[in-house]
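Under my numbering, the first residue of the sequence shown carries the number 438, and numbering increases by one thereafter.
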Amino acid sequence: MISQTAEYALRAVVVLGSQPGRPMTSQDVARVARVPGDYLSKVLQALGRAGLVEARRGLRGGYVLSRALDELTVYDVVQAVDPLRRINSCPLQLNAHTERLCSLHQRLDDAVAMVESYFKQTTIASLLHDQTAPRTGPLCELPDSLGTASRDSALPRT
């Protein structure tokens, strides 16, 4: 459905969102999010260019989110790193489809539009505070090095 890059970006944003205002190094984000560190650095740079995260320099520096959790959506994150692609014209570049999409491509575009709409409605705050997943929290799994107490403090579900 979404690319691995978008998945990594979402995991990183959820981790940063669990610590509002507290800078985290890219290595710490990578460890908690279970994302390869080298690749995450590139993802964080893309999120920074999009204005979603900012890098703070210094001894206690690191990355923080640039927006409030209830104003940052899944759509914002996905679009920053690997945008959803709508079908505006025939992907096969057939002359017969210059004015309207064929039924297949129209249905596919409609599906992308529904996903786009749902992503726009889903805030990072809603992922962090989702009560339908109380056993796992906002991410599928956390590093074993984070015990229950650490996990709960790293990714609060209040």
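A virtual CB, placed ideally from N, CA and C, is assigned to each residue, including glycine. Quantities reported herein were computed from a predicted structural model and do not represent experimental measurements.
| Query | Result |
| --- | --- |
| So L565 and S455 are supposed to be a Cβ contact under 8 Å. How far apart are they, rounded? | 6 Å |
| Give, in chain order, every unbroken run of the beta strand (DSSP E) that is at least 3 residues long and sits entirely within the segment 474-561. | 490-493 and 499-502 |
| Please classify M551: is it buried, with 16 or more other beta-carbons within 10 angstroms of its beta-carbon, or exposed? | exposed |
| Using only the alpha-carbon positions, how far apart do Y476 and V490 sit? | 16 Å |
| Assuming the contact rule is C-beta atoms closer than 8 Å, T442 and D519 should be a hit. Round their C-beta distance to whole Å, please. | 5 Å |
| Do L481 and Y500 have their C-beta atoms within less than 8 Å of each other? | yes |
| Taking 8 Å as the cut-off, decide whether the C-beta atoms of L502 and V452 are in contact. | no |
| Starting from the C-beta of A467, find all residues in its chain whose C-beta is less than 6 Å away, skip the five residues before and the five after it, and write them out in chain order. | G474 and L477 |
| If you count every other CB in all the chains shown that lies within 10 Å of the CB of A505, and 16 or more means buried, which is it? | exposed |
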